[in-house]
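Visitor:
Protein chains: 4
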Amino acid sequence: MAKKERGTTAILLIHCPDQQGILATVTEFININGGNIVYLDQHVDRVEKVFFMRVEWELENFVIPKDRINEYFNTLYAQKYDMDFRLYFSDYKPNMAVFVSKMSHCLFDMLARYTAGEWAVNIPLIISNHEDLRDVADRFGIPYHHIPITKENKTEQEEATLKLLEDSKVDFIVLARYMQILSDKMIAKYPDKIINIHHSFLPAFIGAKPYHAAHERGVKLIGATSHYVTAELDAGPIIGQDITRISHKDTVEDLVRKGCDLEKIVLSKAVGKHIARKILTYKNKTVVF
Amino acid sequence: MAKKERGTTAILLIHCPDQQGILATVTEFININGGNIVYLDQHVDRVEKVFFMRVEWELENFVIPKDRINEYFNTLYAQKYDMDFRLYFSDYKPNMAVFVSKMSHCLFDMLARYTAGEWAVNIPLIISNHEDLRDVADRFGIPYHHIPITKENKTEQEEATLKLLEDSKVDFIVLARYMQILSDKMIAKYPDKIINIHHSFLPAFIGAKPYHAAHERGVKLIGATSHYVTAELDAGPIIGQDITRISHKDTVEDLVRKGCDLEKIVLSKAVGKHIARKILTYKNKTVVF
Amino acid sequence: MAKKERGTTAILLIHCPDQQGILATVTEFININGGNIVYLDQHVDRVEKVFFMRVEWELENFVIPKDRINEYFNTLYAQKYDMDFRLYFSDYKPNMAVFVSKMSHCLFDMLARYTAGEWAVNIPLIISNHEDLRDVADRFGIPYHHIPITKENKTEQEEATLKLLEDSKVDFIVLARYMQILSDKMIAKYPDKIINIHHSFLPAFIGAKPYHAAHERGVKLIGATSHYVTAELDAGPIIGQDITRISHKDTVEDLVRKGCDLEKIVLSKAVGKHIARKILTYKNKTVVF
Amino acid sequence: MAKKERGTTAILLIHCPDQQGILATVTEFININGGNIVYLDQHVDRVEKVFFMRVEWELENFVIPKDRINEYFNTLYAQKYDMDFRLYFSDYKPNMAVFVSKMSHCLFDMLARYTAGEWAVNIPLIISNHEDLRDVADRFGIPYHHIPITKENKTEQEEATLKLLEDSKVDFIVLARYMQILSDKMIAKYPDKIINIHHSFLPAFIGAKPYHAAHERGVKLIGATSHYVTAELDAGPIIGQDITRISHKDTVEDLVRKGCDLEKIVLSKAVGKHIARKILTYKNKTVVF
Chain C
1 MAKKERGTTA
11 ILLIHCPDQQ
21 GILATVTEFI
31 NINGGNIVYL
41 DQHVDRVEKV
51 FFMRVEWELE
61 NFVIPKDRIN
71 EYFNTLYAQK
81 YDMDFRLYFS
91 DYKPNMAVFV
101 SKMSHCLFDM
111 LARYTAGEWA
121 VNIPLIISNH
131 EDLRDVADRF
141 GIPYHHIPIT
151 KENKTEQEEA
161 TLKLLEDSKV
171 DFIVLARYMQ
181 ILSDKMIAKY
191 PDKIINIHHS
201 FLPAFIGAKP
211 YHAAHERGVK
221 LIGATSHYVT
231 AELDAGPIIG
241 QDITRISHKD
251 TVEDLVRKGC
261 DLEKIVLSKA
271 VGKHIARKIL
281 TYKNKTVVF
Chain H
1 MAKKERGTTA
11 ILLIHCPDQQ
21 GILATVTEFI
31 NINGGNIVYL
41 DQHVDRVEKV
51 FFMRVEWELE
61 NFVIPKDRIN
71 EYFNTLYAQK
81 YDMDFRLYFS
91 DYKPNMAVFV
101 SKMSHCLFDM
111 LARYTAGEWA
121 VNIPLIISNH
131 EDLRDVADRF
141 GIPYHHIPIT
151 KENKTEQEEA
161 TLKLLEDSKV
171 DFIVLARYMQ
181 ILSDKMIAKY
191 PDKIINIHHS
201 FLPAFIGAKP
211 YHAAHERGVK
221 LIGATSHYVT
231 AELDAGPIIG
241 QDITRISHKD
251 TVEDLVRKGC
261 DLEKIVLSKA
271 VGKHIARKIL
281 TYKNKTVVF
Chain U
1 MAKKERGTTA
11 ILLIHCPDQQ
21 GILATVTEFI
31 NINGGNIVYL
41 DQHVDRVEKV
51 FFMRVEWELE
61 NFVIPKDRIN
71 EYFNTLYAQK
81 YDMDFRLYFS
91 DYKPNMAVFV
101 SKMSHCLFDM
111 LARYTAGEWA
121 VNIPLIISNH
131 EDLRDVADRF
141 GIPYHHIPIT
151 KENKTEQEEA
161 TLKLLEDSKV
171 DFIVLARYMQ
181 ILSDKMIAKY
191 PDKIINIHHS
201 FLPAFIGAKP
211 YHAAHERGVK
221 LIGATSHYVT
231 AELDAGPIIG
241 QDITRISHKD
251 TVEDLVRKGC
261 DLEKIVLSKA
271 VGKHIARKIL
281 TYKNKTVVF
Chain Y
1 MAKKERGTTA
11 ILLIHCPDQQ
21 GILATVTEFI
31 NINGGNIVYL
41 DQHVDRVEKV
51 FFMRVEWELE
61 NFVIPKDRIN
71 EYFNTLYAQK
81 YDMDFRLYFS
91 DYKPNMAVFV
101 SKMSHCLFDM
111 LARYTAGEWA
121 VNIPLIISNH
131 EDLRDVADRF
141 GIPYHHIPIT
151 KENKTEQEEA
161 TLKLLEDSKV
171 DFIVLARYMQ
181 ILSDKMIAKY
191 PDKIINIHHS
201 FLPAFIGAKP
211 YHAAHERGVK
221 LIGATSHYVT
231 AELDAGPIIG
241 QDITRISHKD
251 TVEDLVRKGC
261 DLEKIVLSKA
271 VGKHIARKIL
281 TYKNKTVVF
């Protein structure tokens with residue numbers, strides 16, 4: 001799976017009120033300044049009249065210095081078109097924290113990808129409210145922080161967590177079957193930067209024990225949903241979903257086992273898209289390029 | 001797709017408290033009396049300790065007369081094992097009523113199968129609260145009864161409907177995107193005999209306008225669910241479910257269009273299973289053989 | 001499913017060697033001449049270095065007269081960029097011929113959509129090498145031409161068929177489980193205009209009796225493939241594919257029955273995409289927008 | 001996911017010519033000798049007239065000693081009914097060898113399940129024709145044997161491999177993207193005991209580089225197939241298959257990446273079924289209970 005070596009690219013994610021000519025304007029900005037576009041995708045929500053765009057270009061011959069692109073783009077276009085934009089560079093590897101509790105399948109799946117070099121990311125730490133998965137972290141040589149949480153210590157323990165995240169310059173967080181509800185403060189600090197996996201096809205079976213609820217209801221499909229975490233439980237922007245068939249033969253234990261395979265793939269796909277800067281959020285929904 | 005001609009078969013659907021030897025007992029009953037088993041499937045719910053079974057055998061050399069099998073089986077086994085059982089014969093074609101409103105896709109799909117001889121069923125009548133689909137019924141030569149429903153006339157119109165169903169000796173009812181809620185009286189009269197298609201993966205998006213709700217929530221999958229109708233809205237035993245992928249590009253209209261393809265296949269599969277006597281219900285769930 | 005009434009739109013499908021600025025150029029051409037873009041999607045094959053685009057715009061305020069757009073676009077851009085382009089207008093309903101043999105499921109599915117107004121298309125005739133489906137055509141009031149084919153009469157019967165297609169000004173042909181191989185002459189006359197459904201996931205099980213072959217091989221999935229017909233059997237550009245799970249319990253008859261549901265949906269989706277001018281072909285592959 | 005502790009069970013897999021009463025006979029044998037059946041599934045291939053059965057029962061109160069069950073069953077029933085049967089006990093953990101080359105995704109997935117205790121199996125060794133994955137084996141503390149293979153040394157290296165397998169008392173082998181073709185001798189030594197993952201939906205794209213072939217053909221689905229290895233390449237009994245959708249946007253690299261997620265899940269599911277003794281083979285097909 002050898003890839004051609006490619007120089008640093010810039011990635012621009014934009015959304016703004018739709019109007020004629022935006023796409024042409026942005027691509028022209030890149031073209032006339034010597035950027036070679038290697039990816040371009042756009043979407044227009046014609047009901048909301050919003051324009052979304054992801055464009056990626058090589059910086060090798062781009063005449064605007066890398067550290068001035070943001071300023072130039074903001075001055076020349078973003079203000080004029082009332083754009084909400086984010087600029088990323090491919091040579092920056094974001095720092096990702098993983099939160100876990102007791103189940104290892106999602107953690108193993110991510111660490112396998114990380115180790116195999118599938119993701120351009122660093123994992124400076126794993127945080128858990130249990131000791132159970134320290135052994136997994138050790139196998140991969142990643143610092144493991146056990147931060148047990150009780151009703152009494154929840155606030156201070158979350159402060160300690162926030163401190164750890166800051167010290168490690170964490171850019172985003174993955175909740176890999178982490179069975180604690182985050183405080184509003186932490187959520188507010190990482191908007192669209194906390195990815196959770198919920199073990200049902202949302203909005204069905206919100207909250208605890210969705211496989212038990214699915215079995216009780218007698219559904220013929222079970223699912224998993226990756227989403228960004230917002231203040232409302234299991235109600236943030238959905239990134240991806242998948243399902244698998246079940247039948248009357250399946251016990252709750254079978255559902256849990258079959259669900260694990262779904263969860264890890266759905267979560268890792270979402271993380272991969274996030275790392276590749278392919279997700280835009282707008283009004284509690286995602287545009288996934 | 002030529003099928004070997006087969007004589008009349010008996011179909012026995014059973015559930016009862018699980019205990020050792022039931023399966024052996026029932027198969028022996030059929031074998032020693034000269035029945036040739038052509039289908040046998042069983043399921044044991046080991047949590048609830050319930051035994052489920054579907055067995056089908058040829059009557060050609062069966063020594064018990066067809067019209068006495070029910071009595072014999074009841075006397076010899078059903079009482080002893082506390083069985084809930086139903087006996088059907090393959091040479092009886094059930095009468096199926098179809099209820100529709102304005103959308104034609106499910107109706108067309110069922111009439112196509114009916115006309116092609118895929119189902120061993122009669123369709124003596126189609127009932128609708130609108131005139132829109134009379135033309136479809138006419139194409140297939142099936143009587144179409146327009147029974148408009150308002151708040152004021154709902155009770156008497158349902159009486160008229162019940163009368164029609166009785167006159168046509170209707171065995172079961174299919175709600176093919178029928179947009180009226182049935183009365184408890186009608187539901188009680190046809191227990192596990194009214195099949196509905198709901199245009200979402202239940203239990204998500206119960207009630208009206210599920211595609212709008214799905215679009216609003218920003219899900220990445222839409223679904224359809226066939227189920228038996230019970231007194232509680234969209235909460236009866238689920239027969240089948242399927243989903244299709246959607247993305248941010250899809251408008252509500254796209255969801256409706258894509259959903260139609262799901263709905264008709266999910267509904268027709270449920271109807272086919274019902275006609276083939278392959279569904280057992282127990283505690284608001286189905287066992288689908 | 002009421003749609004907002006929309007005026008006539010123009011649809012432009014383009015592919016050409018990729019180079020900087022093409023997208024900007026084409027969108028600017030539409031914008032500066034008063035066209036309101038309602039759909040735009042593009043794709044760049046970075047290996048083949050080919051640019052693909054589909055753009056649709058409202059003609060209401062477009063300054064170039066409808067019947068001159070082709071000429072203007074060709075003169076101003078197509079030659080310069082070495083473009084292969086096709087221009088369509090939404091107010092032209094194409095004429096679609098359907099070829100069938102004995103199985104009715106695909107035909108019924110298409111006629112249901114046609115009758116319900118899902119497709120902007122005319123069906124002036126149905127052609128078959130058998131009499132079996134005349135009754136279906138009659139139900140929908142569509143002329144049915146029985147053109148039986150033997151080894152001896154194949155050439156002259158195909159001439160008769162071609163004559164019929166020309167007389168009805170047929171734009172494209174759908175083979176809805178038509179069990180005859182078309183001549184190279186007919187295929188050459190309708191390039192990328194004959195859609196076939198093959199009852200397997202191509203390239204597995206090319207040719208006759210794929211369900212028998214699938215059963216023999218013991219696969220756990222069966223599939224269906226829609227594709228444009230080319231001179232090589234079952235080897236034309238693939239438009240769409242889908243599969244369903246099977247198990248050791250399924251007989252060949254079960255495969256046929258389950259496959260029918262796949263075939264009709266996969267075929268109708270392809271036909272819908274073709275009618276909506278959403279398919280581009282290039283080097284024996286499709287770009288489906 | 002706490003499971004009730006369960007005593008040792010016996011698992012019997014049977015196939016034989018179908019005749020009346022076999023199921024009753026076998027279940028009676030277990031029941032009257034004090035076995036408590038915890039799983040029973042059967043299948044009759046009515047075309048081939050073959051009966052298949054999997055039954056599992058608790059040995060706690062079973063009157064026949066564990067080490068005599070095989071003999072008793074053979075004497076009393078197997079010869080009489082011309083049965084091909086295998087008897088297993090749940091307290092024996094089979095030894096599984098894993099063969100790999102350079103790609104780590106399948107290996108990681110299996111080792112994660114192994115470490116998490118999902119499988120009742122031992123992994124005494126990993127064998128590879130490359131050094132690349134030694135690091136993965138080391139993380140999990142499993143002996144890694146590098147056995148490079150060239151045209152010249154193939155025979156002797158395979159002898160060395162066979163010796164290793166015997167020394168470790170290996171019961172079955174998993175080829176986790178092992179890119180060497182096994183000799184007929186090795187295949188003959190482990191009949192229905194070598195599980196391979198092929199990165200296409202067989203029988204399409206047999207042999208090397210199936211993703212390149214899939215991209216070249218322009219398919220809209222890619223797949224993965226787990227199967228037992230037989231002398232004919234990629235033609236052994238299929239255990240499981242799955243697919244994922246692709247589009248014109250996907251490069252060969254995208255196919256490889258998306259395919260990896262399929263491969264590892266399809267392979268691990270097959271391995272799990274094999275370990276649980278849920279697979280029967282018959283005439284180059286599988287019955288998977």
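Here the protein sequences line up with chains C, H, U and Y, keeping their order.
Per the numbering used here, the very first residue in the first sequence carries number 1; after that it's consecutive.
Per the numbering used here, the very first residue in the second sequence carries number 1; after that it's consecutive.
Per the numbering used here, the very first residue in the third sequence carries number 1; after that it's consecutive.
Per the numbering used here, the very first residue in the fourth sequence carries number 1; after that it's consecutive.
Idealized CB from N, CA, C, for every residue including glycine.
Distance cutoff 9 Å, beta carbons only. Does Y/L40 sit that close to anything in chain U?
Guide: No, its Cβ sits nowhere closer than 9 Å to a Cβ of chain U.
Visitor: Taking the alpha-carbon of Y/T155 as reference, which of Y/D184, Y/E56, Y/M103 and Y/D250 has the nearest alpha-carbon?
Guide: Of the listed residues, the one whose Cα sits closest to Y/T155 is Y/D184.
Visitor: Suppose contacts are defined by Cβ-Cβ distances below 9 Å. Is U/L23 in contact with U/F51 by that definition?
Guide: Going by C-beta atoms, U/L23 is nearer than 9 Å to U/F51.
Visitor: Closer than 9 Å by beta-carbon distance: list the chain Y residues that pair up with H/R54, in chain order.
Guide: Ordered by position in chain Y, no residue passes the 9 Å Cβ test against H/R54, which lies about 13 Å from the chain.
Visitor: Would you kindly work out how many angstroms separate the C-alpha atoms of Y/R113 and C/H105, rounded to a whole number?
Guide: Y/R113 and C/H105: Cα-Cα distance of roughly 8 Å.
Visitor: Where does C/V121 fall in DSSP's three states?
Guide: Of the three classes helix, strand and coil, the one that applies to C/V121 here is coil, per DSSP.
Visitor: Decide if the segment 57-67 of chain Y is in contact with the segment 45-61 of chain H; the criterion is three or more beta carbon pairs, one per stretch, under 8 Å apart.
Guide: Cβ pair count under 8 Å is below three, so no.
Visitor: Mind listing which residues of the segment 243-256 of chain H have their C-beta closer than 9 Å to chain C's C-betas, in chain order?
Guide: Taking 9 Å as the Cβ-Cβ cut-off against chain C, the residues of the segment 243-256 of chain H that qualify are I243, R245, S247, H248, K249, T251 and V252.
Visitor: Using beta-carbon positions only, say whether U/K220 and Y/Q42 come within less than 9 Å of one another.
Guide: For U/K220 and Y/Q42, no; Cβs fall outside 9 Å.
Visitor: Quick check on this structure: which residue in U/K80, U/D132, U/A176 and U/L233 has the alpha carbon closest to the alpha carbon of U/D18?
Guide: Comparing Cα-Cα distances from U/D18 to each of U/K80, U/D132, U/A176 and U/L233, the minimum goes to U/K80.
Visitor: Out of U/E166, U/L280 and U/N129, point me to the one whose CA is closest to U/R86's CA.
Guide: When each option's Cα is compared against that of U/R86, the closest is U/L280.
Visitor: Using three-state DSSP, classify Y/F73 as helix, strand or coil.
Guide: In the structure shown, Y/F73 sits in a helix (DSSP, three-state: H, G or I).
Visitor: Just checking my contact of C/M110 with C/V174 at CB under 8 Å: how many whole Å lie between their CB atoms?
Guide: Correct: roughly 7 Å between the Cβ atoms.
Visitor: Per DSSP, what kind of secondary structure is U/Y114 in: helix, strand or coil?
Guide: Three-state result, U/Y114: helix.
Visitor: Would you call the CB atoms of C/N95 and C/S200 closer than 9 Å?
Guide: It is not a contact, given that the beta carbons lie outside the stated cut-off.
Visitor: Going by DSSP in three states, H/Q79 sits in which element: helix, strand or coil?
Guide: It is helical.
Visitor: Evaluate C/N153 with the Cβ neighbour count: other Cβ atoms within 10 Å of its Cβ, from every protein chain shown; 16 or more gives buried, anything less gives exposed.
Guide: C/N153 is exposed by the Cβ-count criterion.
Visitor: Pick out whichever of U/L255, U/D132, U/F289 and U/N74 has its Cα sitting closest to the Cα of H/G115.
Guide: With the sequence shown as reference, residue 115 of chain H is identified as Thr, and Gly is not the correct amino acid for it. Nearest of U/L255, U/D132, U/F289 and U/N74 to H/T115, Cα basis: U/D132.
Visitor: So, using beta-carbon positions, are Y/K193 and Y/L162 closer together than 9 Å?
Guide: Cβ atoms of Y/K193 and Y/L162: not closer than 9 Å.
Visitor: Name, going along the chain, the residues of the segment 2-26 of chain U whose beta-carbon falls closer than 7 Å to a beta-carbon of chain C.
Guide: So the list reads Q20, G21, L23 and A24, given in the order they occur along the chain.
Visitor: Here's the rule: buried if 16 or more other CB atoms are within 10 angstroms of the residue's CB, otherwise exposed. What is H/K3?
Guide: Any reading at H/K3 must be qualified, since the residue scores a pLDDT of 45, below 50, and its modelled position is unreliable; the value itself is stated next. With fewer than 16 Cβ atoms within 10 Å of its Cβ, H/K3 is classed as exposed.
Visitor: What does DSSP give as the partner residue(s) for Y/A176 in the beta ladder?
Guide: Beta-bridge pairing links Y/A176 to no other residue.
Visitor: Determine, using beta-carbon pairs with one atom in the segment 254-271 of chain C and one in the segment 220-239 of chain C, whether at least three such pairs fall under 8 Å.
Guide: Result yes; three or more Cβ-Cβ pairs closer than 8 Å.
Visitor: Skipping 5 residues on each side, what residues in its chain have a beta carbon closer than 7 Å to that of C/G207?
Guide: So the qualifying residues of the chain are L233 and D234.
Visitor: So for C/H130, helix, strand or coil by DSSP?
Guide: Note: C/H130 maps to coil in three-state DSSP.
Visitor: Could you check if H/A176 is buried or exposed, using at least 16 other CB atoms within 10 Å of its CB as the buried criterion?
Guide: Buried, by the Cβ-count rule.
Visitor: Within this structure, are the beta carbons of Y/N196 and Y/Y211 separated by less than 9 Å?
Guide: Contact: no.
Visitor: Looking only at its own chain, which residues have a Cβ that is under 8 Å from the Cβ of C/V250, when we skip the five neighbours before and after it?
Guide: Strictly speaking, residue 250 of chain C in this sequence is Asp, with Val absent from that position. Closer than 8 Å at Cβ, skipping near neighbours: H215 and K258.
Visitor: Which residue comes first and which comes last in the beta strand (DSSP E) that contains H/S226?
Guide: Its beta strand (DSSP E) spans residues L221 to Y228.
Visitor: For H/V26, which three-state DSSP category applies?
Guide: In the structure shown, H/V26 sits in a helix (DSSP, three-state: H, G or I).
Visitor: Quick check on the burial criterion: 16 or more other C-beta atoms within 10 angstroms. Buried or exposed for U/S247?
Guide: Exposed is the call here.
Visitor: Spell out whether any CB of chain Y is found under 9 Å from the CB atom of C/T115.
Guide: C/T115 counts as touching chain Y.
Visitor: Could you name the residues of the same chain whose beta carbon sits closer than 6 Å to that of Y/Y39, not counting the 5 residues immediately before and after it, in chain order?
Guide: If we look at Y/Y39 and ignore the five residues flanking it on each side, its Cβ neighbours are E56.
Visitor: Taking the C-alpha atoms as reference points, what is the distance between H/P203 and C/E263?
Guide: C-alpha separation (whole angstroms): 20 Å.
Visitor: Determine whether the Cβ of C/A216 lies closer than 9 Å to any Cβ atom of chain U.
Guide: The sequence given here places Glu at residue 216 of chain C; Ala does not occur at that position. No - not a single Cβ of chain U is within 9 Å of the one on C/E216.
Visitor: Starting from U/I239, find everything on chain H with Cβ-Cβ shorter than 9 Å and list it in chain order.
Guide: Near U/I239 there are no residues of chain H at all, since even the closest Cβ is about 16 Å away, more than 9 Å.
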